[in-house]
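Colleague: In mature numbering (1 follows the signal peptide of the UniProt record, and there is no 0), the protein residues as written are -38 to -1, 1 to 865.
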């Protein structure tokens, strides 16, 4: 945390291209943006023969990245590979959510290793205690902070499932207005207080037989060589050295200065004859960095290079990985950067030489080599010119003389934007000559990051994505009665806009943005609008070739620049069309909530359905699983048997049925494959004999991130990957009354104080038969205030998905500069069966509805489902959907086709 910032309310065509080369120099096509990118500057050089140590993976930690149990979802948390987070102490008053004990279950389940506690967050105000060190108010001879500190540690020691994984931070930014800003006059007091705090923490763990309690400090808001030297010398003398050395690197300039600070730190340790102490930069980055792949990769590469852990700063609210995940279960561009980075676990990092080291807002990167799986990876971004990569040290005994080269692009897509799998913009082969390959990736977008992978030649290489047929920046459209605003990246306290500009003041009857698209075939398309709604939902009218087509309904966002995506379906004939978003449907009446900030318009071809392929080379492998390159029909497949597993993180555009297909090969007698979808088993028929197979099940998935894990429970199999498909057949299953029950909430039985409410005209909820949007509110805050779902005939015992379209805008009083958002909860009980609890994160408005998917395993034939909360209010509810988890009969078919689906 740092001083509050002022929020100021205010109001390029992307075409896949590829040019293959079999020689040393490989110049490839990718995302071609407007304006045209500049020629490559100095290259980003990687030497894979020069390894720099084991991959650490701690640079995507978060401060208050977790809000409550289930916020974020487990799939989002697992896929982001978060190893460390800082949270508030149990019952801390600084924020209404983020309690360490409330989030530890999901954190530890997701691979979390170190859970830090900002103990001073027991105080409600910022700076703590008015910025003044507490005294001894009751005159008992005990410093008033120590009982507070002791209680926090006591709660963890006695209530945590694993107290050994905690690190206590007794002081947060003591130099920055929190009790000890003047080192010349307060040094002795701080050092004495460090001893008191350290001894208190250790005594609690000793009392409970827990051994040594880990302590982090000093926790300064910036690097101070003088304070650090004095602190380390004192702590060594008193045998109170911290287990983790902590300070913050928040400002943009720290992209240039951190390495120097870390060098000074390591020099201090040597000077004082202190053994190495690991570092955690528990707050880094500004608002402009969060959710922006091209910014995050600069920070992450720097911290990984120095092998330190680091946590993204907390500027808004708890529970969304510091603005690096979206909505209830979604991935934004920042999440994909986290996923790419964390997926390097088990590899060795390699030497990277950027064009300009320690330079703010410049091309940077990190590289890793997984020799066992024969895969080399480079993550890079942050520059505004074409990226020339000089890749050296590629051993032909590992990769072969000809390698597979693949590049994916991860774009800025807003904090609440739904980012699907980053598209492949290059897929080709190249010859290694003298251990080297050169690749040029066209780029003019400083906000994008890229993932380059080199492997031996694969059986099923990924194809270049052709789904995105048009991408237009809003400021490049024809604008009427609205204003183009610059979103200058030098403004650290602002969220960035795609292309550096957006269109606002869209609040008059004549406000419009019009642009042309050219589509290759007659058929179905998905228009995704990146836009910001200021804490209320809104509407625009979409016109096609001058004729009204449909309303676009936007859900609420935190503000005009805290953007999200809204998708609509279009049917277009082949050729060129004029699309227009307008603030009025009739040209005279402004639509309710039309003052929306527009950033970018993306048009996707979905004629073959929404489909994606997640290859084994991108899977998280565990339990002895490894990529195989020997079998001609399964090169680049993951070999599974016994406990070995391959986990894929698949992202979906909609909530509904998808066909999940596991592509496998066996060289001998068949195999039984087990598919786990977000922790729930899906039975697949066994494969028989040698060959390649597709095993498919139709599964109801939540929108956003889905964790898919494949094992071979009998026999051995090579897994090429998993594909997802949602087309006409899958959408038809959504409407199958034997598989799905759907109802407006107001049509279901209510009890007690729960009541039907009519929503404002700008609601993004569903309309009833009368065309009016209604919801049910006042559920909970008493055991009798409930909504019930009578079980439809035929919906007996089994696995289901319960989808609740809900709104929650609950907040506590503004006691500091963060939005004090509150999660709401519903207990969902089955008459005669069990009960589960679902968390609903804050979503900015009481009439902005997001889908929340809750897995249910029902055990009775017809027990009614009841939604309530005996102790607190639940969210407002618009619609209810109960869907069978799996519909139809899963099938396994023998096939000679591979995974290379063009999409």
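Cβ atoms here follow ideal geometry from the backbone N, Cα and C, with glycine treated the same way.
Give the straight-line distance between the Cα atoms of residue 517 and residue 499, rounded to the nearest whole angstrom.
Modeller: Working through the chain shown from its first residue, we reach residue 517 at position 555. Working through the chain shown from its first residue, we reach residue 499 at position 537. Near 4 Å, if we compare the C-alpha coordinates of residue 499 and residue 517.
Colleague: How long is the line joining the alpha carbons of residue 934 and residue 669, rounded to whole angstroms?
Modeller: The structure shown does not extend to residue 934, since the chain is modelled only from -38 to 865, so the question has no answer here.
Colleague: Rounding to the nearest angstrom, what Cα-Cα distance links residue 789 and residue 109 in this structure?
Modeller: The residue you call residue 789 lines up with position 827 of the chain shown. The residue you call residue 109 lines up with position 147 of the chain shown. When the Cα atoms are used, residue 789 and residue 109 turn out to be separated by approximately 35 Å.
Colleague: DSSP three-state call for residue 565: helix, strand or coil?
Modeller: Here residue 565 refers to the residue found at position 603 when the chain shown is read from its first residue. For residue 565, the three-state secondary structure derived from DSSP is strand.
Colleague: DSSP has residue 130 in a bridge; who is on the other side?
Modeller: Sequence index remark: in the chain shown, residue 130 carries index 168 (1-based). Paired residue(s): 79 and 177.
Colleague: Could you have a look at residue 745 and say whether DSSP puts it in helix, strand or coil?
Modeller: Counting from 1 along the chain shown, the entry for residue 745 is found at position 783. Coil at residue 745, not helix or strand.
Colleague: For residue 624, I'd like the list of residues in its chain whose CB is within less than 7 Å of its CB, leaving aside the five on either flank, ordered along the chain.
Modeller: For the purposes of this step, residue 624 is identified with residue 662 of the chain shown, where counting begins at 1. Result list for residue 624: 635, 637, 646, 657, 672, 681 and 684, in chain order.
Colleague: For residue 389, write down the residues that DSSP places opposite it in a beta bridge.
Modeller: For the purposes of this step, residue 389 is identified with residue 427 of the chain shown, where counting begins at 1. Answer is 368, bridged to residue 389.
Colleague: With a Cβ-Cβ cutoff of 7 Å, do residue 867 and residue 803 count as a contact?
Modeller: What is shown of the chain runs -38 to 865, which leaves residue 867 out entirely.
Colleague: If residue 209 and residue 182 are in contact, beta carbons under 8 Å, what's the gap, nearest whole angstrom?
Modeller: Along the chain shown, one-based indexing puts residue 209 at 247. Along the chain shown, one-based indexing puts residue 182 at 220. Their Cβ separation, rounded to whole angstroms, is 5 Å, which keeps residue 209 and residue 182 in contact under 8 Å.
Colleague: Can you tell me whether DSSP reads residue 532 as helix, strand or coil?
Modeller: Locating residue 532 in the chain shown gives position 570, counting from the first residue. In the structure shown, residue 532 sits in a strand (DSSP, three-state: E or B).
Colleague: Determine, using beta carbons only, whether residue 658 comes closer than 7 Å to chain D.
Modeller: The structure shown has no chain D; it contains just one protein chain.
Colleague: Considering only the alpha carbon of each residue, which of 549, 722, 819 and 676 lies closest to residue 604?
Modeller: Numbered from 1 along the chain shown, position 642 holds the residue referred to as residue 604. The candidate whose alpha carbon is nearest that of residue 604 is 676.
Colleague: Comparing C-alpha positions only, which one of 526, 608 and 725 sits nearest to residue 513?
Modeller: For the purposes of this step, residue 513 is identified with residue 551 of the chain shown, where counting begins at 1. Selected option, being the one with the closest Cα: 725.
Colleague: Between the C-alpha atoms of residue 303 and residue 687, what's the straight-line distance to the nearest angstrom?
Modeller: Within the chain shown, the letter at position 341 stands for residue 303. Within the chain shown, the letter at position 725 stands for residue 687. Each residue's Cα considered, the two are about 26 Å apart.
Colleague: Is the beta carbon of residue 14 closer than 7 Å to that of residue 475?
Modeller: As a first step, residue 475 is located in the chain shown; it is residue number 513 there, counting from the start. As a first step, residue 14 is located in the chain shown; it is residue number 52 there, counting from the start. In this structure, residue 14 does not lie closer than 7 Å to residue 475 by Cβ.
Colleague: Could you have a look at residue 777 and say whether DSSP puts it in helix, strand or coil?
Modeller: Taking the chain shown and counting its residues from 1, one reaches residue 777 at position 815. In the structure shown, residue 777 sits in coil (DSSP, three-state: anything other than H, G, I, E or B).
Colleague: Starting from the N-terminal side, write out each stretch of the alpha helix (DSSP H) that is 4 residues or longer and does not extend beyond the segment 314 to 349.
Modeller: Runs found: none.
Colleague: Contact between the segment 165 to 177 and the segment 210 to 219: three or more CB pairs below 8 Å?
Modeller: no
Colleague: Go ahead and label residue 144 buried or exposed: buried means 16 or more other beta carbons lie within 10 angstroms of its beta carbon, across all protein chains shown.
Modeller: Stepping through the chain shown from its first residue, residue 144 is reached at position 182. Exposed.
Colleague: DSSP state of residue 426, grouped into three classes?
Modeller: Within the chain shown, residue 426 is the residue found at index 464, counting from 1. Residue 426 falls in the coil class under three-state DSSP.
Colleague: In this structure, how does DSSP classify residue 833 when only helix, strand and coil are distinguished?
Modeller: On the chain shown, residue 833 is found 871 positions in, with the first residue counted as 1. Assigned with DSSP and collapsed to three states, residue 833 falls in coil, not helix or strand.
Colleague: Checking the sheet assignment: what are the DSSP bridge partners for residue 736?
Modeller: Position 774 of the chain shown, counted from the start, is the residue given in the question as residue 736. Paired residue(s): 720.
Colleague: Answer yes or no: do residue 443 and residue 466 have a C-beta to C-beta separation smaller than 7 Å?
Modeller: By 1-based counting over the chain shown, the position of residue 443 is 481. By 1-based counting over the chain shown, the position of residue 466 is 504. Not in contact: residue 443 and residue 466 (Cβ atoms no closer than 7 Å).
Colleague: Where does the unbroken beta strand (DSSP E) through residue 812 begin, and where does it stop?
Modeller: Taking the chain shown and counting its residues from 1, the one referred to as residue 812 is at position 850. Judged by DSSP secondary structure, residue 812 falls within the beta strand (DSSP E) whose first and last residues are 812 to 820.
Colleague: Do residue 388 and residue 369 have their C-beta atoms within less than 7 Å of each other?
Modeller: To locate residue 388, count along the chain shown from 1; it is residue 426. To locate residue 369, count along the chain shown from 1; it is residue 407. Cβ atoms of residue 388 and residue 369: closer than 7 Å.
Colleague: Quick check: the Cα distance between residue 203 and residue 76, rounded to an integer number of angstroms?
Modeller: As a working note, residue 203 is residue 241 in the chain shown. As a working note, residue 76 is residue 114 in the chain shown. One C-alpha to the other measures close to 18 Å.
Colleague: Output the residue ranges of the beta strand (DSSP E) runs that lie fully inside the segment 533 to 609 and measure 3 residues or longer, sorted by chain position.
Modeller: 537 to 544, 559 to 567, 572 to 577, 582 to 584, 588 to 590 and 599 to 602
Colleague: Taking all protein chains shown into account, decide if residue 756 is buried (16 or more other Cβ within 10 angstroms of its Cβ) or exposed.
Modeller: Walking along the chain shown from the start, residue 756 turns up at place 794. Exposed, since its Cβ has fewer than 16 Cβ neighbours within 10 Å.
Colleague: With burial defined as no fewer than 16 other Cβ atoms inside 10 Å of the residue's Cβ, what is the status of residue 594: buried or exposed?
Modeller: Along the chain shown, read from residue 1 onward, the residue named residue 594 stands at position 632. Exposed is the call here.
Colleague: In angstroms with no decimal places, state the Cα-to-Cα distance between residue 801 and residue 124.
Modeller: Counted from its first residue, the chain shown places residue 801 at position 839. Counted from its first residue, the chain shown places residue 124 at position 162. Approximately 23 Å, taken between the alpha carbons.
Colleague: Under 6 Å Cβ to Cβ from residue 117, same chain only, skipping five residues before and after it: list those, please.
Modeller: As a first step, residue 117 is located in the chain shown; it is residue number 155 there, counting from the start. Once the five neighbours on either side are set aside, the close Cβ partners of residue 117 are 52.
Colleague: Taking one C-beta from the segment 547 to 565 and one from the segment 447 to 467 each time, how about it: are there three or more such pairs within less than 8 Å?
Modeller: yes
Colleague: Determine the closest residue to residue 751 out of 446, 79, 697 and 828, with distance taken between C-alpha atoms.
Modeller: Taking the first residue of the chain shown as 1, we reach residue 751 at position 789. Looking from the CA of residue 751, the closest CA among 446, 79, 697 and 828 belongs to 828.
Colleague: Looking at the structure shown, is residue 270 part of a helix, part of a strand, or coil, going by DSSP?
Modeller: Position 308 of the chain shown, counted from the first residue, corresponds to residue 270. It is coil, neither helix nor strand.
Colleague: Just to confirm, is the Cβ distance from residue 596 to residue 589 under 7 Å?
Modeller: Along the chain shown, one-based indexing puts residue 596 at 634. Along the chain shown, one-based indexing puts residue 589 at 627. Contact: no.
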